[in-house]
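Some notes on the structure that comes next.
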């Protein structure tokens with residue numbers, strides 16, 4: 001299955017969460033989305049929102065200048 | 077003016093407040109969370125510290141500052157003043173004898189913005205009868221404004237966050253939703269933000285933003301005056317920990333459980349929350365200069381509401397207290413009121 005990608009680097013809060021939410025809403029259940037962003041605060045915000053809304057973080061990494069988080073959209 | 081206060085920081089207002097669990101851990105490790113002298117009637121767990129200096133006099137101290145919520149410097153100063161004073165008013169004390177301002181700003185921020193923030197802060201405090209008598213200003217990458225306030229009260233009349241009793245009713249004096257409203261305020265100034273907001277009417281966003289700003293600069297002093305007239309059991313203002321977080325403090329310190337069955341929110345913030353993904357309906361969205369959460373016995377509730385009405389303070393019944401161990405339960409079917 002193809003992994004969708006979303007770049008939220010440099011976007012003002014709460015755009016990273018809002019764009020992640022909007023992107024996931026356009027995807028099918030079970031599909032994967034890789035979010036690329038920056039800053040621990042934004043990483044935490046997205047991670048919290050993903051967990052609170054029934055989706056799953058399947059992989060994440062925080063590097064010096066960016067983070068990558070792969071999210072599986074919840075199964076209907 | 078090209079310099080925008082809200083663009084100079086990545087987090088805004090009370091959102092920059094450290095999470096409760098993290099702050100608690102830091103204080104514990106630093107040895108600052110216990111071991112107080114008996115004159116210290118309230119310490120870091122309260123909105124203000126309370127120190128007894130004579131049989132009938134306590135001194136209250138609080139410190140509060142944060143990053144900008146708005147681009148208009150005088151309004152920003154007023155919001156900061158409102159937030160500082162509220163930490164004294166939360167203990168039902170209205171006599172703030174002095175305030176010190178705290179400000180920080182980067183070299184590229186025009187001085188007129190610094191003057192505006194200080195002016196708004198000073199004006200708000202003056203209108204509350206709380207004189208600004210000094211302060212401290214530094215260079216800093218993020219603009220910051222706030223202050224430290226000193227209040228004087230009667231130890232017998234202080235209302236603490238602890239003290240809520242089983243059977244109490246719980247009231248809130250301002251609707252929730254500052255975070256989504258102010259996020260819309262910022263995002264509508266950005267092209268990408270406008271796109272996110274395209275399904276919400278301009279009028280609804282205007283109304284939500286105006287109401288949020290109005291709520292933030294509305295003083296909680298009349299609430300404190302009302303609490304002085306009625307034997308309320310416990311109170312705290314609702315800011316950066318959100319309704320649930322501040323209710324959790326009350327529940328834990330009072331050794332009771334709290335049930336939230338009604339959520340008053342600023343009109344328009346439900347639609348905005350849906351876009352931004354804020355946990356508003358879970359009671360977890362961060363507030364700035366929010367209302368007072370008050371626990372009062374059922375038989376005194378009408379008297380409290382009458383005192384609040386007399387001072388034109390809005391009020392919403394939001395929940396009740398049961399026996400328990402410090403838990404907060406925001407009911408899934410809590411009634412949402414757009415106020």
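Residue numbers (my numbering), protein chains in the order written: chain A, 1 to 76; chain B, 77 to 415. All residues carry an ideal CB built from backbone N, CA and C; glycine is no exception.
The beta strand (DSSP E) with residue i in it runs from where to where?
i	result
residue 313 of chain B	310-313
residue 341 of chain B	332-341
residue 172 of chain B	172-181
residue 82 of chain B	Looking at the DSSP string, residue 82 of chain B is not in any beta strand (DSSP E), and its letter there is neither H nor E.
residue 168 of chain B	Per DSSP, residue 168 of chain B belongs to no beta strand (DSSP E) and is neither H nor E.
residue 208 of chain B	208-215
residue 237 of chain B	Per DSSP, residue 237 of chain B belongs to no beta strand (DSSP E) and is neither H nor E.
residue 69 of chain A	67-72
residue 224 of chain B	220-229
residue 246 of chain B	245-248
Name, please, each residue of chain B whose Cβ falls closer than 8 Å to the Cβ of residue i.
i	result
residue 41 of chain A	86 and 87
Exposed or buried, which one is residue i when buried takes at least 16 other CB atoms within 10 Å?
i	result
residue 251 of chain B	buried
residue 98 of chain B	exposed
residue 208 of chain B	buried
residue 387 of chain B	exposed
residue 163 of chain B	buried
residue 5 of chain A	exposed
residue 88 of chain B	buried
residue 394 of chain B	buried
residue 78 of chain B	exposed
residue 114 of chain B	exposed
residue 50 of chain A	buried
residue 320 of chain B	buried
residue 270 of chain B	exposed
residue 167 of chain B	buried
residue 330 of chain B	buried
residue 399 of chain B	exposed
residue 101 of chain B	exposed
residue 129 of chain B	exposed
residue 21 of chain A	buried
residue 206 of chain B	buried
How would you list, in chain order, the residues of chain A whose beta-carbon sits under 7 Å from the beta-carbon of residue i?
i	result
residue 352 of chain B	14, 17 and 18
residue 262 of chain B	12
residue 266 of chain B	12
Check the Cβ of residue i against every Cβ in chain B and list those closer than 9 Å, keeping chain order.
i	result
residue 65 of chain A	What residue 65 of chain A touches in chain B: nothing, since even the nearest Cβ is about 15 Å away.
Run through chain A and tell me which residues come within less than 8 Å of residue i, C-beta to C-beta.
i	result
residue 65 of chain B	With chain B covering 77 to 415 only, the question about residue 65 of chain B has no answer from this structure.
residue 259 of chain B	13 and 14
residue 272 of chain B	15, 18, 19 and 22
Name the chain B residues whose beta carbon is nearer than 7 Å to that of residue i?
i	result
residue 21 of chain A	353
Can you find the residues in the same chain that come closer than 7 Å, C-beta to C-beta, to residue i, ignoring five residues on each side of it along the sequence?
i	result
residue 72 of chain A	30, 32, 55, 56 and 58
residue 318 of chain B	359, 360, 361, 362 and 363
residue 245 of chain B	372, 374, 377, 393 and 396
residue 300 of chain B	165, 168, 169 and 170
residue 312 of chain B	123, 166, 237, 322, 325, 326 and 369
CB of residue i to nearest heavy atom of the ligand GDP: below 7 Å?
i	result
residue 188 of chain B	The ligand GDP is not among the ligands present in this structure, which contains no ligands whatsoever.
Let's see if you can read the secondary structure: which residues bound the alpha helix (DSSP H) around residue i?
i	result
residue 193 of chain B	187-203
residue 57 of chain A	Per DSSP, residue 57 of chain A belongs to no alpha helix (DSSP H); it is in the beta strand (DSSP E), 56-62.
residue 346 of chain B	345-352
residue 303 of chain B	297-305
Beta-carbon within less than 8 Å of residue i's beta-carbon, same chain only, minus the 5 sequence neighbours each way: which residues are those?
i	result
residue 297 of chain B	161, 165, 170 and 204
residue 14 of chain A	45
residue 215 of chain B	180, 181, 182 and 183
residue 284 of chain B	253, 256, 257, 260, 342, 343, 344, 345 and 348
residue 125 of chain B	116, 118, 119, 136, 137 and 138
residue 60 of chain A	43, 47, 67, 68, 69 and 70
residue 401 of chain B	331 and 333
residue 264 of chain B	270, 273 and 281
Got a sec? Which residues, its chain only, sit under 6 Å from residue i by beta carbon, not counting five neighbours each side?
i	result
residue 141 of chain B	178, 220 and 222
residue 316 of chain B	90, 93 and 362
residue 181 of chain B	190 and 219
residue 149 of chain B	189, 192 and 193
residue 404 of chain B	320, 323, 324, 327 and 334
residue 146 of chain B	152
Residue i CB to nearest chain D CB: under 8 Å?
i	result
residue 126 of chain B	No chain D is part of this structure, whose protein chains are labelled A and B.
- Could you give the uninterrupted runs of the alpha helix (DSSP H) lying entirely in the segment 250-293 of chain B, keeping only those of 4 residues or more? 254-263, 267-272 and 278-292
- Item | Contiguous beta strand (DSSP E) assignments of at least 3 residues, all confined to the segment 365-403 of chain B | 368-372 and 392-399
- Ranges of the beta strand (DSSP E) found wholly within the segment 87-166 of chain B, counting only runs of at least 3: 116-118, 125-130 and 133-142
- What are the complete alpha helix (DSSP H) segments, minimum 4 residues, inside the segment 3-40 of chain A? 15-25
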